Structures are given as structure tokens and as C-alpha cells.
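Student: Quick one: this structure, given as C-alpha cells, is what I'll be asking you about.
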Amino acid sequence: MEDDRDRGLLYDSDPPSPSLSPPLSPPRPFALTFFDRERHVTFLEMMYHMLPRPYQSQEINHLTLAYFVISGLDILDALDRVHKDAVADWVLSFQAHPRSKADLDNGQFYGFHGSRSSQFPSKDNAIFTPNGSHLASTYCALAILKIVGYNLSNIDSESMLTSMRNLQQSDGSFMPIHIGAERDLRFLYCAAAICFMLNNWNGMDREKAKEYILNCQSYDGGFGLSPGSESHGGAAYCAIASLRLMGFIGDDCLSNASAPSSKANIRSLLDWSLQRQFADGGIQGRPNKPSDTCYAFWIGATMGTLGANKFIDEIALRSFLLTCQSEYGGFAKSPGVLPDLYHSYYGLAAFSILGEAGLKPLCLELGVTEAAATGL
Amino acid sequence: MDGRRIVKVRRLHHRRWVAEKLGPDAASRELEFTRKIFFLDAKNYHAWSHRQWVLQALGGWEDELDYCAQLLEEDVFNNSAWNQRYFVITKSPFLGGLKAMRDSEVDYAIEAIDANPENESPWRYLWLNDSRVHSACLRVLKAKRNFKFALSTLLDLLGLGFKPNQEIKDAITSLRTSDSGEAGSDSDLANSICSILAREDPMRANYWTWRSSKLPQAAEV
Chain U
839 MEDDRDRGLL YDSDPPSPSL SPPLSPPRPF ALTFFDRERH VTFLEMMYHM LPRPYQSQEI
899 NHLTLAYFVI SGLDILDALD RVHKDAVADW VLSFQAHPRS KADLDNGQFY GFHGSRSSQF
959 PSKDNAIFTP NGSHLASTYC ALAILKIVGY NLSNIDSESM LTSMRNLQQS DGSFMPIHIG
1019 AERDLRFLYC AAAICFMLNN WNGMDREKAK EYILNCQSYD GGFGLSPGSE SHGGAAYCAI
1079 ASLRLMGFIG DDCLSNASAP SSKANIRSLL DWSLQRQFAD GGIQGRPNKP SDTCYAFWIG
1139 ATMGTLGANK FIDEIALRSF LLTCQSEYGG FAKSPGVLPD LYHSYYGLAA FSILGEAGLK
1199 PLCLELGVTE AAATGL
Chain E
475 MDGRRIVKVR RLHHRRWVAE KLGPDAASRE LEFTRKIFFL DAKNYHAWSH RQWVLQALGG
535 WEDELDYCAQ LLEEDVFNNS AWNQRYFVIT KSPFLGGLKA MRDSEVDYAI EAIDANPENE
595 SPWRYLWLND SRVHSACLRV LKAKRNFKFA LSTLLDLLGL GFKPNQEIKD AITSLRTSDS
655 GEAGSDSDLA NSICSILARE DPMRANYWTW RSSKLPQAAE V
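Protein chains in written order, with the working numbering: chain U, 839 to 1214; chain E, 475 to 695.
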């Protein structure tokens, strides 16, 4: 059984590519010269109505998949396909609630589970964890609620934020769940986004978080997921988006890029990030690796947040992304491969950044549309 | 190997939990475990994170630099191995840190650059303020192939106050297509580099043009 609940946020290697119906032969070469909105709406709508069998083993990641579907439909300006109230109710049903105020001192995090199997684990489990709240699921839950227009002030955010502090480590990083796991920039990003959406920074120590982020900047100018780790496009996004959400970088970042007082070395990050655009027009996550659709978002959004997306060759990138567009709708990681929900979502998000007509603009640092972010 | 994930991240967490309980004895077993993964996928991100955690928490540094060298012999383009090299140099208790290792590492990186100047990894690995770096850039420029990193490195060096010698200036000039005479001051030189890069690296033409606009107005004396 696939068991990586963190996978929804950041893939390192290929996720399983599902077939929507089992293909009898390898996919025919397919190349549209235009972005086919209708095809993508159909793809996501089908995902919305049923999870294809290959994804069902990812039940543990249900909320993350739902985020891809709903945010994707929102970007496509097709949110009318979604029963917003029903979605809100469904998301809220994953929330973990403390039984009493005393519970908030027990070290657990009271956020959202990612799935029913985490919420109601089998009795055969050696370690009974009734509260499997996870930062990534919580981020996805709140993002979905914002997208469907649910008023977040109805949420018990006090418990959530108070208990979220239990997840922050002494070096400023965050664990995703209270029972111990790795800690890295992805979960710090989730925490920052959660505080931002709830408009309440009691959930984390921002200064310590900033320190951790800066410690993740590598010798080559990029950011790794943890100090010492290899620079990675997804980590760059988590770093810069978090700094932006926490209020540490503003719109004038680029003009100050060479200033020695820059909190992060933006100049070298810029140089590293721009070099990620490969000869085929696509964007790679690390040097000497192949292009991958999702980095068009991770790197594209990082550049956009810094005001530097004019430095990306958008025509070349668009051409590459079109070769990853699937005849089934959605996007694949690379040309000639079957689409998956993760790459489909980030492919759509990338097209929004590229200003594709008919797509809604993004709030880059939050990972939802601007409309969803501002609640309009 | 097909595209399926071969590293289950939750299993790595569990391994970490177990290893922490077992202590330093677990180090070699954990290092061997990640080595097996790298045999199939030498750039697996989660496995590299795990390996770094093992070294820092449990030890086992003794052979790590050699292991990096071995991986780079197999694939000098393996950026994960370059990153691990930097990690070992700076953190291993047996090597004396950056200062002690700098000389040999500069040599190592330059050897890789001479062999494959189009390889981004060793260029990023370099410590800039070293005359061997200037010579390496010059060699690459003179070969007139795969010189974009050599040029961008020189551009960065100029920004740090580096004064290029006539040979380097001439090498840059010979790469220009416009016939507007020799590059004079350093800011002319930097501008030349930017316009050559805009031509040679057209995907990033806007960036090189912007870099040009960000150069100091007057050259330093």
C-alpha cells in the first residue's frame, strides 16, 4: 500500500501514473498546440466524482487529492462543477477536536486528518493514534475551505494554532504530526500558510522559522528541504513562499537582490533558479535532472514571488508544457507519459502563471487562486 | 527501473526511530541501506536526506568522501553527489572543515570542469576567489565551446572586484560578434559578458540584460 502521506506536497521521484481506464496499448503520441481547457475540466470533474482505483490505495492522502481537484477546478474557473457546501462539510468532518482545554497540553496537534483511515485507524494497529492530524492535510483542508467560500472564522482556530506550536522544533523547523516524523521545509511552509489563512500567527515562532529557512540555503544559492540537503525546486518554493507569507520579503525584493542586508541571498537563488530551465523549455528540479511539469510551478511561482518571472522563457516553457498535456486531460510529468493528478494540478497552476486566457490568477505564495485567497 | 517510487518515506521514518534506539551500531547498516538505493537511483532525494541524518546522528563519516568520489566517477553529473561532497567537507569531524579542504576541493572541481565545462554542478561547487578558477575560466573560453558557465562565473567575479588580466579580456573580446573595439574598462567587460551570454544563452536573455543593467556604473579603481 502506498503510504507516503507527505507525497501530495512534493514528489521527489515519479508518483504512480494511474490509467483512467486501463490502457490496452501504450498511449499514442498526442500533441495539441493549444491549452485545452475543456479537456482538463472533464478530467478533474471525473476525479471529483470518483477516485480511480489506482488512487484508492492513497486513501491516506484523500484531502491532498481533493485539494488538487478543487483548486484545479477553481483555476480553470469551473468551480460551478463542485457542490461547495457538501465539500465544506466533508472537509470539516476530518477535523480533530480536543475533548477539553486540557487536551491542548498533551503535545498533540489538533488539525485535520488526511483521510478516514488516519482518522479511524484499525484496531489492529499496534500504535493507536486517534489523532493523526497532519500539517499537510490541514493546509489542504483550509485551502479547500477558502476556495469553496467557507468562512474560516467558524473554525476552532485557537485549538489548532495553540496545538500547532507543539510541532515546531527548537531549530525552527516543523514536524508534520506529533508522533514524530521527519522535519523539513515542506511542513514549515504548511504551518506558515495555515497561520496566514487563519490570520493568526500564534501558531508559530516566525523568527525561528525564518532562521531555519535561511539555514536551508545551499552553497549553490538554491534551497534544500533541510540544512545540508541538495538544492531543490520545491524547497525553493517552500522557502520563498514562507518568507513572503510571514512578511519577511516584500514586493521590492528584486531591486534589493544585491543588497548585502538581504535576509536570504536572493541574487544567488535567482541565478540558480533561472538555470533550472532546460534546453527543451521545461524546468528541472535540480541540476542535471530531466524537466518535469511540476517545477514549472515550483520554480515559476518562486520567480513570480520575487518579481522575476519575466526572466523565464515563457514561450519555451509553454511549448514544453503542451507536450506534457494529455489526451485524457490533465498533465503528465514529461512527454509521452500518462497523466497523474499531482502533475495535472501543477501543470494547470503553471499555465495560470503564464497568463493563459480563461484561467484565474494565483496567489502564488498560498497555492490557491487570488479570488480564493482574498475571499471574493 | 520504471518510474515507481522505491523509497517509502514512512519506512524511512520508522528506520530512523529504530536506528535512534540502537545507537551508533546502526550507522553502517543504515549507510548500506541507502547505498543500495543509490545503486538503483543515485539521486533519490529522500534517501540522501536519510543518509545525511544517519551521518549526523550516528556517525560513519570515515568513508563518505571516498563514496562521493566513487559516485562522481560513475556519473560526474550527479548533483546529489556533489552536494554530499560539500556536506562531508563542512561537517565531517575527520576532515578539518572548509578551510583545510579548500585547496584539494578546488582542484577536484576544476578537473571536473575541464572534462565537462557544460556540467553545472562543479561550477556551483567552486570557491570563487582563487586564481585557479580564473585560469579554468580562461581555458574554457579559449576552447570556445560550452563556455556559458565560465562567462557567468567571470561576471560574478567582476562583481566581487576581481581584476581580470589581459588574456582574459582578450578571450572575452574574441567571443563578441560586434566590432566595437576592445573591451576597455571593467564595466565594459561586464557588459560584454552580458551581451555574449544573452546571445549564447537565449533562454535567459532577459536575465542577462537585466544583469547588465544592474552593473555598477563606474568601474572600481
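Where a beta carbon is used, it is the ideal one built from N, C-alpha and C, also for glycine.
This one's a predicted model, so the numbers in the text were calculated from it and none came from an experiment.
Where does I1121 of chain U fall in DSSP's three states?
Tutor: Indexing the first sequence from 1 puts residue 1121 of chain U at position 283. Note: I1121 of chain U maps to strand in three-state DSSP.
Student: Which residues in chain U have a C-beta closer than 9 Å to the C-beta of F507 of chain E? List them in chain order.
Tutor: The residue you call residue 507 of chain E lines up with position 33 of the second sequence. Per Cβ cutoff of 9 Å: no residues; F507 of chain E is ~16 Å from chain U at best.
Student: Could you tell me whether the Cβ of Y1057 of chain U comes closer than 8 Å to any Cβ of chain E?
Tutor: Sequence index remark: in the first sequence, residue 1057 of chain U carries index 219 (1-based). Taking Cβ atoms only, chain E reaches closer than 8 Å to Y1057 of chain U, which makes this a yes.
Student: Anything in chain U within Cβ reach of F621 of chain E, meaning under 8 Å, just list it in chain order.
Tutor: Taking the first residue of the second sequence as 1, we reach residue 621 of chain E at position 147. Residues of chain U passing the Cβ test: none, with the nearest at roughly 15 Å.
Student: Looking at L1026 of chain U and S1011 of chain U, is the spacing between their C-beta atoms short of 8 Å?
Tutor: Your numbering for residue 1011 of chain U matches position 173 in the first sequence. Your numbering for residue 1026 of chain U matches position 188 in the first sequence. Yes, the Cβ-Cβ distance between S1011 of chain U and L1026 of chain U is below 8 Å.
Student: Would you say L858 of chain U faces chain E, with C-beta separation under 8 Å as the test?
Tutor: As a working note, residue 858 of chain U is residue 20 in the first sequence. Model confidence at L858 of chain U stands at a pLDDT of 46, short of 50, so the residue's coordinates are unreliable; what they give is reported in the following sentence. No, L858 of chain U lies away from the interface with chain E (no Cβ there is under 8 Å from its Cβ).
Student: Quick one: residues in its chain with C-beta nearer than 6 Å to the C-beta of W556 of chain E, no 5 flanking neighbours on either side, listed in chain order?
Tutor: The sequence position of residue 556 of chain E within the second sequence is 82, counting from 1. S595, Y599.
Student: Can you give me, in chain order, the residues of the stretch 1144-1155 of chain U that have a beta carbon less than 7 Å from any beta carbon in chain E?
Tutor: K1148, F1149, D1151, A1154
Student: Between the C-alpha atoms of D540 of chain E and T1212 of chain U, what's the straight-line distance to the nearest angstrom?
Tutor: Looking up residue 540 of chain E in the second sequence gives position 66. Looking up residue 1212 of chain U in the first sequence gives position 374. Each residue's Cα considered, the two are about 53 Å apart.
Student: I'd like to know whether the C-beta atoms of V562 of chain E and L569 of chain E end up nearer to each other than 8 Å.
Tutor: Counting from one through the second sequence, the residue named residue 562 of chain E turns up at place 88. Counting from one through the second sequence, the residue named residue 569 of chain E turns up at place 95. Contact: yes.
Student: How far does the alpha helix (DSSP H) with C1091 of chain U in it extend, from its first residue to its last?
Tutor: One-based indexing of the first sequence puts residue 1091 of chain U at position 253. Per DSSP, C1091 of chain U belongs to no alpha helix (DSSP H) and is neither H nor E.
Student: Nearest to Q933 of chain U by CA position, among U:T1000, U:L1204, U:H951, U:R877, is which residue?
Tutor: Mapped onto the first sequence, residue 933 of chain U falls at position 95. Among U:T1000, U:L1204, U:H951, U:R877, the Cα nearest to that of Q933 of chain U belongs to U:H951.
Student: Which residue marks the beginning of the alpha helix (DSSP H) containing W1039 of chain U, and which one marks its end?
Tutor: If you number the first sequence from 1, residue 1039 of chain U lands on position 201. Taken as a continuous stretch (DSSP letters only), W1039 of chain U belongs to no alpha helix (DSSP H), as it is neither H nor E.
Student: Per DSSP, what kind of secondary structure is L569 of chain E in: helix, strand or coil?
Tutor: In the second sequence, residue 569 of chain E corresponds to position 95, counting from 1. Looking at L569 of chain E - three-state DSSP - the assignment turns out to be coil, as it is neither helix nor strand.
Student: Nearest CA to the CA of V550 of chain E: which residue from E:A521, E:A583, E:W535?
Tutor: The sequence position of residue 550 of chain E within the second sequence is 76, counting from 1. Comparing Cα positions, the closest option is E:A583.
Student: Compare the C-beta of N1126 of chain U against all C-beta atoms of chain C and say whether one is closer than 8 Å.
Tutor: Absence of chain C from the displayed structure is noted, the protein chains being U and E.
Student: Thinking C-beta only, is G1145 of chain U closer than 8 Å to D1089 of chain U?
Tutor: Translated into positions along the first sequence, residue 1089 of chain U becomes position 251. Translated into positions along the first sequence, residue 1145 of chain U becomes position 307. Yes, Cβ-Cβ distance for D1089 of chain U and G1145 of chain U is below 8 Å.
Student: Check distances from the C-beta atoms of the stretch 1004-1030 of chain U to those of chain E and list, in chain order, the residues that come in under 9 Å.
Tutor: Those residues of the stretch 1004-1030 of chain U placed with their C-beta closer than 9 Å to a C-beta in chain E are G1018, A1019, E1020, D1022, ordered along the chain.
Student: What residue range is occupied by the uninterrupted alpha helix (DSSP H) comprising N680 of chain E?
Tutor: Counting from 1 along the second sequence, the entry for residue 680 of chain E is found at position 206. 679-687 is the span of the alpha helix (DSSP H), which, as asked, contains N680 of chain E.
Student: Give me the subset of the stretch 563-595 of chain E whose CB atoms are less than 9 Å from a CB atom of chain U, sorted by chain position.
Tutor: T564, K565, N593, E594, S595
Student: Establish whether the CB of G1066 of chain U and some CB of chain E are separated by less than 8 Å.
Tutor: Within the first sequence, numbered from 1, the residue matching residue 1066 of chain U stands at position 228. Yes, because at least one Cβ of chain E sits closer than 8 Å to the Cβ of G1066 of chain U.
Student: Does W522 of chain E pass the burial test, meaning 16 or more other C-beta atoms within 10 Å, or should it be called exposed?
Tutor: Here residue 522 of chain E corresponds to residue number 48 of the second sequence, with the count starting at 1. Classification of W522 of chain E: buried, given that the 10 Å Cβ count is 16 or more.
Student: Thinking C-beta only, is I913 of chain U closer than 8 Å to L1186 of chain U?
Tutor: Start at 1 with the first residue of the first sequence, and residue 1186 of chain U comes out as number 348. Start at 1 with the first residue of the first sequence, and residue 913 of chain U comes out as number 75. Yes; because the gap between Cβ atoms is below 8 Å, this pair is in contact.
Student: Check whether the Cβ atoms of L1036 of chain U and L1081 of chain U lie closer than 8 Å to each other.
Tutor: Residue 1036 of chain U sits at position 198 when you count from the first residue of the first sequence. Residue 1081 of chain U sits at position 243 when you count from the first residue of the first sequence. No.
Student: Could you tell me which chain U residues have their CB closer than 8 Å to the CB of R678 of chain E, listed as they occur along the chain?
Tutor: Along the second sequence, read from residue 1 onward, the residue named residue 678 of chain E stands at position 204. In chain order: L1112, Q1113, Q1115, F1149, D1151.
Student: From the DSSP secondary-structure annotation, give me the bridge partner or partners of Q1055 of chain U.
Tutor: As a working mapping, residue 1055 of chain U is identified with position 217 in the first sequence. Beta-bridge pairing links Q1055 of chain U to U:F1061.
Student: Is the shortest distance between the beta-carbon of L901 of chain U and the beta-carbons of chain E less than 8 Å?
Tutor: Position 63 of the first sequence, counted from the first residue, corresponds to residue 901 of chain U. Not closer than 8 Å to any Cβ of chain E, the Cβ of L901 of chain U fails to qualify, so no.
Student: Would you tell me roughly how many angstroms separate the C-alpha atoms of G792 of chain U and F1086 of chain U, rounded to the nearest one?
Tutor: Because chain U is modelled from 839 through 1214, residue 792 of chain U falls outside the range shown and cannot be assessed.
Student: Using 8 Å as the limit for Cβ to Cβ distance, is H608 of chain E near chain U?
Tutor: Position 134 of the second sequence, counting from 1, holds the residue named residue 608 of chain E. Chain U, which has no Cβ nearer than 8 Å to the Cβ of H608 of chain E, makes this no.
Student: Would you verify that the beta carbon of P1098 of chain U is, or is not, closer than 8 Å to some beta carbon of chain E?
Tutor: Here residue 1098 of chain U refers to the residue found at position 260 when the first sequence is read from its first residue. Bear in mind that a pLDDT of 44 at P1098 of chain U, under 50, signals an unreliable position, so the number given afterwards is only what the model happens to contain. Closer than 8 Å: no.
Student: Measure the C-alpha to C-alpha separation of H1181 of chain U and S609 of chain E and round it to an integer number of angstroms.
Tutor: Counted from its first residue, the first sequence places residue 1181 of chain U at position 343. Counted from its first residue, the second sequence places residue 609 of chain E at position 135. Taking the straight line from one Cα to the other gives about 43 Å.
Student: What separation, rounded to the nearest whole angstrom, lies between the Cα atoms of Y977 of chain U and S687 of chain E?
Tutor: The residue you call residue 977 of chain U lines up with position 139 of the first sequence. The residue you call residue 687 of chain E lines up with position 213 of the second sequence. Between Y977 of chain U and S687 of chain E, the C-alpha separation is close to 40 Å.
Student: Would you list the residues sitting across from Q1006 of chain U in a DSSP beta bridge?
Tutor: On the first sequence, residue 1006 of chain U is found 168 positions in, with the first residue counted as 1. Per DSSP, U:F1012.
Student: Using a Cβ-Cβ distance under 8 Å, would H1070 of chain U count as near chain E?
Tutor: Locating residue 1070 of chain U in the first sequence gives position 232, counting from the first residue. Yes - at least one Cβ of chain E is within 8 Å of the one on H1070 of chain U.
Student: Would you give the residue range spanned by the alpha helix (DSSP H) that E547 of chain E belongs to?
Tutor: The residue given as residue 547 of chain E occupies position 73 in the second sequence. Counting along the chain, the alpha helix (DSSP H) containing E547 of chain E begins and ends at 538-548.
Student: Strictly below 7 Å CB to CB, what residues from chain U border S648 of chain E?
Tutor: Sequence index remark: in the second sequence, residue 648 of chain E carries index 174 (1-based). Those within 7 Å of S648 of chain E in chain U number zero; the least Cβ separation is about 25 Å.
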